[in-house]
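Accompanying notes for the structure given below.
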Amino acid sequence: MSLTFAILTALLAIGLLALIFGLVLGFAAVKFKVESDPLVEQIDQILPQTQCGQCGYPGCKPYAQAIADGDEINKCPPGGDATIKKLADLMGVEAKSLDAAHGQEDIKKVAYIREDECIGCTKCIQACPVDAILGAAKQMHTVIVDECTGCDLCVDPCPVDCIDMIPLANNASSWRWNIDSIPIKQIG
Amino acid sequence: MKFRLASSPHQHIRRDTGQVMRLVILAMIPGVLLQTWFFGWGTVIQIGLAIITAVVTEAAILELRKRDFERALKDYSAVLTAMLLAVSIPPFAPWWVIVIGTFFAIGIVKQLYGGLGFNVFNPAMAAYVMLLVSFPVQMTQWIPPVNLAQYSHNFMDALNAVFTGFSVEGFSLAQLKTGIDGVTMATPLDTVKTGLAQGFTYSETIERPIFDSVISGLGVASSWISLGYLLGGLYLLKQKVINWHIPLSMIAGLFICSLIMSLVDSDLYPSSLFHLFNGSIIIGAFFIATDPVSASTTNKGRIIFGAAIGVWVYLIREWGGYPDAVAFAVLIMNMAVPLIDYYTRPRTYGHSSSKRKSKDKAQS
Amino acid sequence: MQNNFDDIIDKLDKGELWDFPGGVFPAERKTLSNQTPIAKLPIPERLYVTVKQHIGVEGHLIVEVGQKVLKGQALTKSMNPFAVPVHASTSGEITAIHKHVSAHPSGLPELTVQITSDQDDKWTQLSPMVDYQNQPKTKVLAAICDAGISGMGGAGFPTHIKSSPKKDVDFLIINGIECEPYITSDDRLMREHSWQIRQGIDVLCHLLKPKHVLIGIENNKPEAIEAMQVACRENPNYRVCTIPTKYPAGGEKQLIQVLTNREVPAQGLPVDVGVIMHNVGTCFAIADAIFAGKPLISRVVTVTGEAVEKPSNVWALIGSPIAHLLTHCEYKQTLQKQSNIIMGGPMMGFNVSSDLVPVVKTTNCILAPTDNEMASNNEQACIRCSACADACPASLLPQQLFWHAKAKELDKAQDYNLFDCIECGACAYVCPSEIPLVHYYRIAKAEIRVEQEDKQKSDKARDRFEKREARLIAEQQARDEKHRLAAEARKQAMASNGNNSKDKIAAALARAKAKKQALSEVDDKAIEATELAPANTSEQTAKAEVAEPATKVASSNQRVQAAIARAKAKKAAAEVTDINTELKDKDDASNLKDEQLKQPQQHIDVKKQPNKVSMSTKTVVTDSIPKAVETPPTEKPTITDSKQAKIAAAVAKAKAKREAQKAANSQVAAEPVSAAKVDNIKTVSADELVKTEEQQIDMKKRRIAAAVAKAKAKKAAEKADKSS
């Protein structure tokens, strides 16, 4: 009799506890719910937005979608290791090194059109994913440097090969205090 | 010509880590001298053993970790840790106790956590607790002050006792431990604790003839040693090696707790002064809790850290199993340091308050 | 928590000040250089005037190489509120405009005007504005801007912008603290030119209308304090405040805190708490610009350090290479193991990478210390002593910042208010582990800035990309819509054009349908034909039909009928064969893919042979009644069909003829011999014609076959791709 009673109390106590904690958890889940962006948006935020297509997708957003659907995170050469690390953090997976099949991380470049050679074919304008090339048919084209993402996509379509990718120049405001790399001028 | 390139500031205060550590070691000397005066050469032998073990351990592990051990040894931090541990253990404790303890302090508590600056716990105190828990007998064999001991001993006696357990004349440790009146000595804290456990009141305990000499003799010795360390601590304060926050708050924490309790019942609870000058409160407050690596780093945090240690010491002394508690209290608060630091960030110039700032950030 | 103006004045009246947290007390070493008056220097041979010497945008160059310039002549023009012009510091010729090592920690080359001095030092026309009090503020501000004045204390913020605040100003604070060790340029300037500094303050007061002017000078410069007190005696509103010496009391935020107990809000400006601060050097330059019309072309520079034999203050022309100053003060390189020249003070200055670095408007000191004077870098592990936190004037936690900056946890570093760090160097100064803390913060700050820029750029790129995508889609839709509308419009137009056209369309549609049907029927037949032995069936039908006319060649009527029937039969047969060949072609093409076109042709030939046999008899009749063949065109569904039929017929004819000839030649058959003979003469002329026709047809067929084959191959390839 007393045994039954003991078991009953135990069951009741545990049941009651479970109920209370369940309620607390449920309440917390509702009350402290963290609103977050959809995953694709978050991934897209991390990607460098060069829209270069080196990942094999026609832009950063589609690749973000693909990552969200389970594609590898190491297909973005412009973002490099930094982007992979961030993606790994976001996706909760191991960061791996850049997939060499998609290219190598390179210094930042911008497209430059050798304007006297440009024939005004507008092919590069159509290729540019961010509308950073200005020009009209039969007119010389030029690149808006500030808008160029350095995606390389305009180089191939050019029939006269007048587009170069030139590295962005260092300037004092983007200098990262790498004192050791200051070029020392020899003074005679 | 090639130009030197360095980042500002180019000027630097002439005090490096080694100097800081040497200053602390220097400040310990009065206390160590007094301890030697009262308890004989054992303390010095222990310190010597500890320093050798510490340096060897540090060098060996740094070599294993492929770090520059020469530079690390020059910072004297291992020496300081060794000294702090050595003065905490009984002078005639067997040699292997201090060797194991120091190895543990340097090898495990300090280097395994990444070396100087990365250890979570105070190495000396962690090792002390490890020894106390592992070798309770050896760790509680305090000998009577020299002037009260039945058998006097010299340096060679002490050396022999540490390594063999017997003095040159062949007295055993147990004999060395015996006082003039044939009573085995213990610390006053121990005595009081035992007395209270036996049903005596505090005042009765200290007045019991059998313990009279304990209290007067050992108490006097303990107080003098504490004064020695107090002197060193004040020197460190003056030299701005340590801040006033931790020592003061720790002493205040213990003082206030003991004052309140002794006012409630002076029969059961010893007076504040008894608490302050017995055991290792002073050395703890000025030399151990102020260990920068494992203490809180903000001013507010230091006050909380110190005061909490004081309270813990009192709690453990009064209601815990051990007569003294500085080591436990320090270790407990070491664990709380990251939390304390996080919540006691000072208000940055130009910010209304650090809390609101973080909230703003969360919202934005 | 802004302190009340009156409370502040009360407290200042009592001679009390506030304090700022932290601070350090480095050895001052100011007596090295402040014992002698400011020296004049000979004019350097070459001057390198950096185009951008301030915070903001560079001015627009208005000179060119080879041009002669006079002292004080503007080299650039201000095109933007944040642009400040630079001027020729002496007269001479512009020998180059190129990139030259800059007075920046990075030493990165920047656009610089190189002037080769003619040693005449001839001034350009100056236009002072002595009656500035009667001039509108904008004019005074313009004069300050045109004189190229930017803050001379440190950052180099354009003075005319700082002097035209949008808020009321309680305090104008003149910063004569000069808290950095070694530097004494402001000290000497105040001692020697206190009156002119006061004149500059007068101008600023006219512009800013502050309630009170505080001139803060550290108590280690008693002579300067006295000189300024004497100069400001007449105006009770000017108060010289003696500040206890503590580094970095001269920091803008710190000085405001000491004098007013107000704190500049994070990311705010001093004017947000009713304070504007100017450096004494700036005041001097303003007075020069307004009362003498002189632009900012020279400044006081302290040249000091133990590696300099004669440390002193000098008047340096803006653009002088520091080598010029060092030579004058007898810099001994031998006293240094490695050349070590610092532009600025020992706490915040930077090492220069060349001695051709020019003096710029913010250069207050050139420091050449011996090796013993400055610390060598010997970084050790942080022991968390938090001496740095105790020294930090901004109440930051340098140690946490250091952890996060080192670990590149930039967001956490920002959470610890990294950007409130003023880079004063107090933390690194006291660090017992000699960690170059400020360096870590600078790197972290630079990285955060770059990251933010990248973020902005990528956001913009995303935006542009998305906009472009949207635009392309919209354009496509617009195109589709246009086509749809055009189609509808056509339909409508046809509908309104009446029955006539409708009938026509209907007729056309019907025709097309019929044709389709016929084709499909034929198709069906052809398929059947290919499935069963096609040649046989066609042969049989042809034979059956042909046999009839052969027996009934009686009346003309009958003959015509027969001819029609024959024509029909022939057409059917031709069509069948045509389709057959076509199908066969296709089949072959798809099977053999890229095989030569000859092969299918051969197949056709082989296939046609039985037909030819039957037709050989037919040809006789056909030739005799050519009209009959032409008469029933109505029965032919389309012209192309008839054409096809003709072609087929021609082919068949030709073949049949050849066959017949062969037969005639080789085998003497009883019945067709006579016919063949009769025919023989007739066909000779037609023979050539038929041959050319045949060739043409062959060509066309080949081309068609090729196209079909190509298409088939492509399809197959696609299929293969898909399946793989």
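Protein chains in written order, with our numbering: chain A, 1 to 188; chain B, 189 to 552; chain C, 553 to 1276.
All C-beta atoms in this analysis are idealised placements derived from N, C-alpha and C, irrespective of residue type, glycine included.
Bear in mind the structure is a predicted one, so any value in this text is a computation, not a measurement.
Residues of chain C whose Cβ lies closer than 8 Å to the Cβ of residue 536 of chain B are, in chain order, 818, 946, 947, 948, 969 and 972.
The DSSP-derived three-state label of residue 324 of chain B is helix.
Within chain B, no residue has its beta carbon less than 8 Å from that of residue 895 of chain C; the closest one is some 10 Å off. For residue 86 of chain A and residue 46 of chain A, the gap between their C-alpha atoms comes out near 7 Å.
Interface criterion met: the Cβ of residue 533 of chain B is under 8 Å from a Cβ in chain C. By the Cβ rule, the segment 206-217 of chain B counts as touching the segment 408-421 of chain B, because three or more pairs are nearer than 8 Å. DSSP places residue 507 of chain B in the helix class (H, G or I) of the three-state scheme.
Cα atoms of residue 148 of chain A and residue 558 of chain C: separation of roughly 56 Å, rounded to the nearest angstrom. Close CB contacts of residue 651 of chain C within its chain, under the 8 Å cut and outside five residues either way in sequence, are with 661, 662, 663 and 664 (chain order).
Residue state for residue 191 of chain B is assigned as strand, using DSSP reduced to three classes.
The same chain holds no residue with a CB closer than 8 Å to that of residue 1036 of chain C once the five nearest residues on each side in sequence are set aside.
A straight line joining the alpha-carbon of residue 425 of chain B with that of residue 794 of chain C spans about 30 Å. Around the beta carbon of residue 89 of chain A, fewer than 16 other beta carbons sit within 10 angstroms, so the residue counts as exposed. The segment 955-971 of chain C and the segment 918-933 of chain C do not touch, with fewer than 3 CB-CB distances between them shorter than 8 Å. Under the 8 Å criterion on CB atoms, residue 977 of chain C is classed as interfacial with respect to chain B. No Cβ of chain A is located within less than 8 Å of the beta carbon of residue 1027 of chain C. Across the structure, residue 84 of chain A and residue 97 of chain A are spaced so that their CA atoms are roughly 8 Å apart.
Contacts with chain B at 8 Å (Cβ-Cβ) do not include residue 586 of chain C.
In the DSSP assignment, residue 726 of chain C falls within the unbroken beta strand (DSSP E) covering 723-728. Contact annotation: the segment 697-710 of chain C touches the segment 605-625 of chain C, with at least three C-beta pairs closer than 8 Å.
Around residue 503 of chain B, the same chain offers no residue with a beta carbon nearer than 7 Å, after the five sequence neighbours per side are excluded.
Taking the CA atoms as reference points, residue 463 of chain B sits about 17 Å from residue 476 of chain B. With respect to the 8 Å criterion, residue 482 of chain B and residue 308 of chain B are classified as neighbours on the basis of their beta carbons. The alpha-carbon separation between residue 972 of chain C and residue 714 of chain C amounts to approximately 21 Å. Closest by C-alpha distance to residue 55 of chain A, out of A:63, A:16 and A:48, is A:63. Among the residues facing chain C, residue 174 of chain A is included, as its CB has a counterpart in that chain under 8 Å away.
For residue 758 of chain C, the enclosing alpha helix (DSSP H) begins and ends at 737-760.
Residue 851 of chain C: member of the beta strand (DSSP E) spanning 850-856, first to last residue. Residue environment for residue 782 of chain C: exposed (fewer than 16 other C-beta atoms within 10 angstroms of its C-beta). Neighbourhood of residue 303 of chain B in chain C, by CB distance below 9 Å: 933, in chain order. A contact between stretches requires three or more CB pairs, one per stretch, nearer than 8 Å, and the segment 508-519 of chain B meets this requirement with the segment 488-500 of chain B. Here residue 879 of chain C is not near residue 584 of chain C, since their CB atoms are 8 Å or more apart. Closest option to residue 333 of chain B, judged by alpha-carbon separation, among B:230, B:438 and B:268: B:230. The C-beta distance from residue 832 of chain C to residue 758 of chain C rounds to 18 Å, too long to fall under 8 Å, and the pair is not in contact.
Judged by DSSP secondary structure, residue 651 of chain C falls within the beta strand (DSSP E) whose first and last residues are 644-653.
Taking 8 Å as the upper bound on Cβ-Cβ separation, chain C lies near residues 44, 47, 48, 49, 50 and 51 of the segment 44-58 of chain A.
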